[in-house]
Structure formats: C-alpha cells, structure tokens
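Asker: This is the structure I want to talk about, given as structure tokens.
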Amino acid sequence: MAVVIDRSKCIYCGACVATCPYLALRLKETYVEVIPEKCTECQLCIKACPVGCISLPGKDNESKR
Amino acid sequence: MEKYDLPLIKNEYDIVIVGAGPAGSLAAREASKRGASVLMIDRRKELGAPVRCGEGLGLKHVTNMGIKLSPQAISANINGARVIAPNLKDDIIIKTPETKGFVLDRKVFDKDLAKDAGRAGAEIAVKCEAYDVIKEGSAVKGIKYIFNGKKGEVKAKVVIAADGAESVIARLAGMRDATSTLYDTDYGFEYEMVNVKLQDNGQDYSDLIEIFFGREWAPRGYNWIFPKGPDSANVGVGIGGLEAPNAIHYLHKWMSADGVKHRFAKAVPVAYKGGAIPVGAPVKEFVMDGFMVVGTAAHQVDPIHGGGIGLAMNAGRIAGTVAAECVKDGKTNAPALNKYKEQWYNEEWKKFSKRLMLRKVLEKLSDDDLNHIISNLDQKDIDLTLAGDFKPVVQKVLLKRPQLLKVLTVLVNL
Ligand SMILES: Cc1cc2nc3c(=O)[nH]c(=O)nc-3n(C[C@H](O)[C@H](O)[C@H](O)COP(=O)(O)OP(=O)(O)OC[C@H]3O[C@@H](n4cnc5c(N)ncnc54)[C@H](O)[C@@H]3O)c2cc1C
Ligand code: SF4
Ligand code: SF4
Chain H
1 MAVVIDRSKC IYCGACVATC PYLALRLKET YVEVIPEKCT ECQLCIKACP VGCISLPGKD
61 NESKR
Chain S
1 MEKYDLPLIK NEYDIVIVGA GPAGSLAARE ASKRGASVLM IDRRKELGAP VRCGEGLGLK
61 HVTNMGIKLS PQAISANING ARVIAPNLKD DIIIKTPETK GFVLDRKVFD KDLAKDAGRA
121 GAEIAVKCEA YDVIKEGSAV KGIKYIFNGK KGEVKAKVVI AADGAESVIA RLAGMRDATS
181 TLYDTDYGFE YEMVNVKLQD NGQDYSDLIE IFFGREWAPR GYNWIFPKGP DSANVGVGIG
241 GLEAPNAIHY LHKWMSADGV KHRFAKAVPV AYKGGAIPVG APVKEFVMDG FMVVGTAAHQ
301 VDPIHGGGIG LAMNAGRIAG TVAAECVKDG KTNAPALNKY KEQWYNEEWK KFSKRLMLRK
361 VLEKLSDDDL NHIISNLDQK DIDLTLAGDF KPVVQKVLLK RPQLLKVLTV LVNL
C-alpha cells in the first residue's frame, strides 16, 4: 500500500516531497507522483500537506477539513 | 531557410545547475560571467510559475546582488513592517532602512533573473527535469534528465543543486539531512486575493508588510498580509510541521477571527500558493566531490521570518563564483569547492546563528507574553532591539514572566 493524493485538491507545492524521507514522492510540474514500492506509510507527508489532500487508504487519517 | 529547433543539450558542461529559481539563476550568472560553460535546467515550462512564496524581499538584497528590478517585477513598494499581537489589537510599526523592500511578482522576477543568466552566456533548458544523479564512487559526475519527453545524460565538472525545498537532487547525491523534518519546517499556504482592505484603524497599511503572531492563529509560525497592489495582497500562514491539522485550516480560522475578518469581507482569491519552508539550521555539508547545494535546497532560509529569496541569491552568487574558479584551476573536489561554504559562513553565519537562537526563544513565549511585550514596547525599545540591543525588551518580559530569565539571557548575550 501507499499514500494516495487527491489530484483535484493538490496545489503541487512540493511540501510532501520535501518531507518524505524515502524519496517515495516526486514533484512533476502539475502533480505529485507516488512511487508505491518506496512508501513506508510513515504518514509524514500527510502531516506536511498544507491543504490536507493526502490519505492512506484504509486508515482513518483523512484530513479534518 | 533553416528550420528553428530547440538548442540541444550537449553531453558535457563545466557546470550543470538544477533549478532556475533565485539560487540557480544567480549561480548561473556568476559562473557564466567567469567564462565557465554552464547549463541550467528547470522542470517548469514557465520559470517562476507556479509561485510558492509570499514574495517579500528586502531592498538590500536587490542592491547587494546588483539586480535591476523591472517595473513589472514589483507588485508593491514596502516601507516597513507592522507586527500584530495575538490579541489582534496591539501592534508595533517598524520603519527602518532594513524594512524597506518589495512585494515581488515572482513570475516576472524569477524569469528576469534567468534571462540575466542567459545574457551572461548560460544555456537554459526549461521543461527539463533532473531525475537522477550520476555518481562514480563518492564523486558526482553529472545528472540524468528528461527534456521535452526525451531522456538523456549530461556530464559536468560541478553539479549545483538549486532545486528548492524538495531538495531531491542533494538527497539523491547522498546528503540525507536535506530532507525537511516536521520539527524544523514550517508549512505554508496563502491566497493571493483582491478586495482586501489594506486600511484599518483609520490608517493605511498598503506600504507595510503585516505579520500576525499567535498560537491560536499560527502555531510556531505567523499569518501575513503582503500587499500586491492597492486592493490586493498575499494573505497567508505558515505553521510548524508538528501542528495539526494543516496550514489552510489555520488560515481560515484566522481570517474568520474578530479583529481581522472585516478586512476580508469582500476578498476573493485569484491564486493559491503554498509549500515547505525549512526554518532550522542549514544542511551540514554544502559540497561533495563535484557537487554543491545552494539556496532553500540547502535549508538556507531565515529562521525567523522564513524568507529565502535573499539567502538563495547570495548563496547562488558565491557558489557560482567558486565553482567557476575551481573549474579554471582544474580542481573540483570537495575541499576545493568548500570555499563556497567558508565564504557563506563568513557572510551569513553571524546573523543566521543569532536568528536560530531567537527562534528558540520566540517559541518559548506564550501569547500572553507577546501581547504584553507588543502592547508595552515604545519606539525607543524598538529602535534599540533593531540595533541588536534586546535588553529593554527582555526587562519588560521579565516583569511578567520571571521564569523566562534563563531563555532570555541567551538573547542579551548575543
Ligand atoms: C508559502 C511560502 C511563502 C514564502 N514567502 C517568502 C517571502 O515572502 N520572502 C522570501 O524571501 N521567501 C519566501 N519563501 C521562501 C522562498 O520561496 C524560497 O526560499 C525561495 O524560492 C528559494 O529559492 P531557490 O532558488 O532556492 O529555490 P526555488 O525558488 O524553489 O527554485 C527551485 C527551482 O528548481 C526547480 N526544480 C526542482 N526540482 C527540479 C528537478 N528535479 N529538475 C529540474 N528542476 C527542478 C523548480 O521547478 C524551481 O524552479 C516562502 C516560501 C513559501 C513556501
Ligand atoms: S503537500 Fe499536498 S498540496 Fe502540496 S504537493 Fe503534496 S499533496 Fe499536493
Ligand atoms: S507515507 Fe511516508 S514514505 Fe509514504 S510517501 Fe508519505 S512520507 Fe513518504
């Protein structure tokens, strides 16, 4: 499993990319690519995201907005 | 007739720079001026866009870098700063030569800097993303890129990573501490808005940047209104990474608070901007064999206000100069390139280290402390503080919270 990014809400600011210690995220020009095999589900990116558009399916971590 | 085609990326350059923000463009300009062959690449199809910045820049940075701002690069001229207490009522207004500056339009500004680099002789490739670093042993030898859909490799005597907060290139090269940690990073979100009231309390604030402190509004950070014109502004927030839920939540909370909400009653966004702002110490090493990291990629950001444009430009200027000299001398290993780090520390560390400490102190202050300080400071105190004498401020805080003595002693001894 890996995090899922709601592309319709993402502002491609790169904050999650900066924070992921495993380089499991890469900023493309207008979206973020998730590299599932690198994601450890540490959820740091979820805490970093300024707009709350990252989630881990099956976990109750949908942002509180 | 000859057909136009995009200039090709050659197989080898003296210096390859990843990222055409303020850090990359200054590095490219300075290195090109000194005769090095330079390629600067950027993932973006349009340099400067999308903006992820409050766009505030002090005049001194512009002067020091020898930049001529085009009128289009300036959204507003700034004469000072207004700092508002957590009670959203008490304030201090600071106007000194240090607080003179601009709110920029970075879409124009960043592109102008890149054009200057191009004029100095640098080759530029936009829509060109570096996706890997080529290493031989401990040395960086080049990068792998994808340019307009085509993959390629380019060798360089020096690779300069100027890729901003993501700092993927330095991490691929092996600098683990270029990852942003929740503890040492602020996460920001802002709207550029029209119909913002830049007048309040019967006063005109359209030539001031406004900074609002308060745990309730921006834990471990602050809210801001940076004017972009007579009725427009960047309205934003930065919060510490350990704070939940997220930046936009706090921005909306603050914009709805009594004391400020009337200023946004008719405001509507014309842009969303956001991003990570590393506000801790810079990365430990600035160089490796054949490699340098500059600007926000190296966490060279002001620990108090999170401004990174000025520091990025200066680091780029130093790194570009050193890289070109090292290429000329035929020595681009880490000890040779480290002259950049030495020079950076010479120029920036005295102030930077003070501000790191000041950040720690600010974090210890409660909203009550801040209300107390801001409502009690007079112009004389402010002038002294700005001149580096924190004693009057410290005394005023101590009246209220004697237990802060230990923390505040640090300040007085700076
Ligand atoms: C919300 C917010 C508000 C801010 N407000 C202010 C402010 O008011 N004043 C201030 O001084 N600073 C502010 N900052 C900080 C400021 O934006 C940065 O410090 C500054 O942009 C750093 O410049 P740089 O050249 O190091 O990196 P950047 O400006 O981030 O440039 C990096 C460039 O590298 C490119 N890039 C990245 N990865 C790759 C790759 N793999 N391949 C090719 N290209 C790549 C990017 O597209 C980008 O163009 C703010 C930041 C945020 C997030
Ligand atoms: S932090 Fe959130 S908004 Fe920013 S790029 Fe990542 S997912 Fe998108
Ligand atoms: S959950 Fe952790 S490993 Fe996975 S993308 Fe987010 S930060 Fe990276």
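If you're matching them up, the sequences are chains H and S in order. Under the working numbering, the first residue of the first sequence carries the number 1, and numbering increases by one thereafter. Under the working numbering, the first residue of the second sequence carries the number 1, and numbering increases by one thereafter. C-beta: ideal position from N, C-alpha, C; glycine also. From a predicted model like this one, the values you see are computed outputs, not experimental measurements.
Which same chain residues end up closer than 7 Å to THR40 (chain H) when comparing Cβ atoms and leaving out the 5 residues on each side of it in sequence?
Answerer: If we look at THR40 (chain H) and ignore the five residues flanking it on each side, its Cβ neighbours are TYR22.
Asker: Going along the chain, which residues of its own chain have a beta-carbon closer than 7 Å to the beta-carbon of GLY420 (chain S), five neighbours each way excluded?
Answerer: Missing from the structure shown is residue 420 (chain S); chain S here goes from 1 to 414 and no further.
Asker: Can you look up TRP217 (chain S) in the DSSP assignment and give me helix, strand or coil?
Answerer: If DSSP states are grouped into helix, strand and coil, TRP217 (chain S) belongs with coil.
Asker: Can you give me the C-alpha to C-alpha distance between LYS59 (chain H) and LYS9 (chain H), rounded to a whole angstrom?
Answerer: Rounded to the nearest angstrom, the two C-alpha atoms are 19 Å apart.
Asker: Nearest-angstrom Cα distance between GLU342 (chain S) and ILE304 (chain S)?
Answerer: If you take the alpha carbons of GLU342 (chain S) and ILE304 (chain S), they lie about 23 Å apart.
Asker: Given LEU44 (chain H), which residues of its chain have a CB within under 8 Å of its CB, disregarding the five upstream and five downstream residues?
Answerer: THR19, CYS20, PRO21, listed in sequence order.
Asker: Compare the C-beta of PRO278 (chain S) against all C-beta atoms of chain H and say whether one is closer than 9 Å.
Answerer: Answer yes: the Cβ-Cβ gap between PRO278 (chain S) and chain H drops below 9 Å somewhere.
Asker: Suppose you measure from the CA of ASP381 (chain S) to the CA of VAL393 (chain S); what does that come to, to the nearest Å?
Answerer: Answer to the nearest angstrom: the Cα atoms are 7 Å apart.
Asker: Quick check on GLU129 (chain S) - is its C-beta less than 9 Å from some C-beta in chain H?
Answerer: True, the Cβ-Cβ gap to chain H drops below 9 Å.
Asker: Please report how far the alpha carbon of CYS49 (chain H) lies from the alpha carbon of ALA15 (chain H), in whole angstroms.
Answerer: One C-alpha to the other measures close to 6 Å.
Asker: Give the residues of chain H in contact with THR185 (chain S), contact being defined as C-beta atoms less than 9 Å apart.
Answerer: By Cβ distance, chain H contributes ALA15, ALA18, THR19, ALA48.
Asker: State yes or no: is the beta carbon of PHE189 (chain S) nearer than 9 Å to at least one beta carbon in chain H?
Answerer: Chain H contact via Cβ: present.
Asker: How far does the beta strand (DSSP E) with PRO227 (chain S) in it extend, from its first residue to its last?
Answerer: From DSSP, the beta strand (DSSP E) with PRO227 (chain S) extends over 222-229.
Asker: Is the Cβ-Cβ distance between VAL293 (chain S) and ALA139 (chain S) less than 9 Å?
Answerer: No. Outside cutoff.
Asker: Hey, does ILE248 (chain S) have any beta-carbon neighbour from chain H nearer than 9 Å?
Answerer: Answer yes: the Cβ-Cβ gap between ILE248 (chain S) and chain H drops below 9 Å somewhere.
Asker: Thinking C-alpha only, which one of S:THR99, S:ASN195, S:GLY241, S:ILE134 is nearest LEU386 (chain S)?
Answerer: Nearest of S:THR99, S:ASN195, S:GLY241, S:ILE134 to LEU386 (chain S), Cα basis: S:THR99.
Asker: Closest Cβ-Cβ distance between LYS28 (chain H) and chain S: below 9 Å?
Answerer: Yes, because at least one Cβ of chain S sits closer than 9 Å to the Cβ of LYS28 (chain H).
Asker: Using a C-beta to C-beta distance shorter than 7 Å, which residues of chain S count as neighbours of ILE11 (chain H)?
Answerer: TYR272, GLY274, listed in chain order.
Asker: Assuming ALA73 (chain S) contacts ASP105 (chain S) under a Cβ cut-off of 8 Å, what Cβ separation, rounded to an integer in Å, is found between them?
Answerer: 6 Å between Cβ atoms; contact.
Asker: Report yes if the C-beta of VAL34 (chain H) is less than 8 Å from at least one heavy atom of ligand 3; otherwise report no.
Answerer: Because some heavy atom of ligand 3 lies under 8 Å away, the Cβ of VAL34 (chain H) counts as near it: yes.
Asker: Should GLU41 (chain H) be counted as a contact of ligand 3 given a C-beta to heavy atom distance under 8 Å?
Answerer: Answer for GLU41 (chain H): yes, Cβ within range of ligand 3.
Asker: Beta carbon of LYS339 (chain S): closer than 8 Å to some heavy atom of ligand 3?
Answerer: Outside the cutoff, so no.
Asker: Against PRO303 (chain S), what residues of chain H qualify as contacts under a CB-to-CB distance less than 7 Å, listed in chain order?
Answerer: Result: empty, since nearest Cβ-Cβ is about 16 Å, beyond 7 Å.
Asker: Residues in its own chain within less than 7 Å of THR185 (chain S) by CB, not counting five upstream and five downstream?
Answerer: Correct list, in chain order: GLY241, ALA276, ILE277, PRO278, VAL279.
Asker: Can you tell me whether GLU129 (chain S) sits near ligand 1, meaning its C-beta is under 8 Å from at least one heavy atom of the ligand?
Answerer: The answer is yes for GLU129 (chain S).
Asker: Beta-carbon of ARG43 (chain S) versus every beta-carbon of chain H: anything under 9 Å?
Answerer: Cβ-Cβ to chain H under 9 Å: yes for ARG43 (chain S).
Asker: Is SER63 (chain H) helix, strand or coil when you go by DSSP?
Answerer: Low per-residue confidence applies at SER63 (chain H): pLDDT is 47, beneath 50, and the placement is therefore not dependable enough to give any value.
Asker: So which residues of chain H does GLU166 (chain S) contact, with C-beta pairs closer than 8 Å?
Answerer: Simply GLY14, VAL17, ALA18, LEU27.
Asker: For GLU190 (chain S) and ILE373 (chain S), what's the separation of their Cα atoms in angstroms?
Answerer: Taking the straight line joining both Cα atoms gives about 27 Å.
Asker: Assign SER63 (chain H) to buried or exposed, taking buried as 16 or more other Cβ atoms, counted over all protein chains shown, within 10 Å of its Cβ.
Answerer: The pLDDT assigned to SER63 (chain H) is 47, lower than 50, so where the model puts this residue is not dependable, and the model offers no usable value.
Asker: If you follow the beta strand (DSSP E) that GLU210 (chain S) is part of, which residue opens it and which one closes it?
Answerer: 208-212 is the span of the beta strand (DSSP E), which, as asked, contains GLU210 (chain S).
Asker: Beta-carbon within less than 6 Å of LYS197 (chain S)'s beta-carbon, same chain only, minus the 5 sequence neighbours each way: which residues are those?
Answerer: The answer, listed in chain order, is ARG263.
Asker: Distance, Cα to Cα, LEU356 (chain S) vs GLY221 (chain S)?
Answerer: C-alpha separation (whole angstroms): 14 Å.
Asker: Output the boundary residues of the beta strand (DSSP E) element that contains ALA28 (chain S).
Answerer: Segment 22-33 is the alpha helix (DSSP H) holding ALA28 (chain S); no beta strand (DSSP E) there.
Asker: By how many angstroms is the C-alpha of GLU243 (chain S) removed from the C-alpha of ARG65 (chain H)?
Answerer: Here ARG65 (chain H) scores only 40 on pLDDT, less than 50, and its place in the model should not be relied on; the value that follows carries that caveat. One C-alpha to the other measures close to 14 Å.
Asker: Under a Cβ-count criterion, where at least 16 other Cβ atoms within 10 Å of its own Cβ denotes burial, should MET1 (chain H) be classed as buried or exposed?
Answerer: MET1 (chain H) should be labelled exposed.
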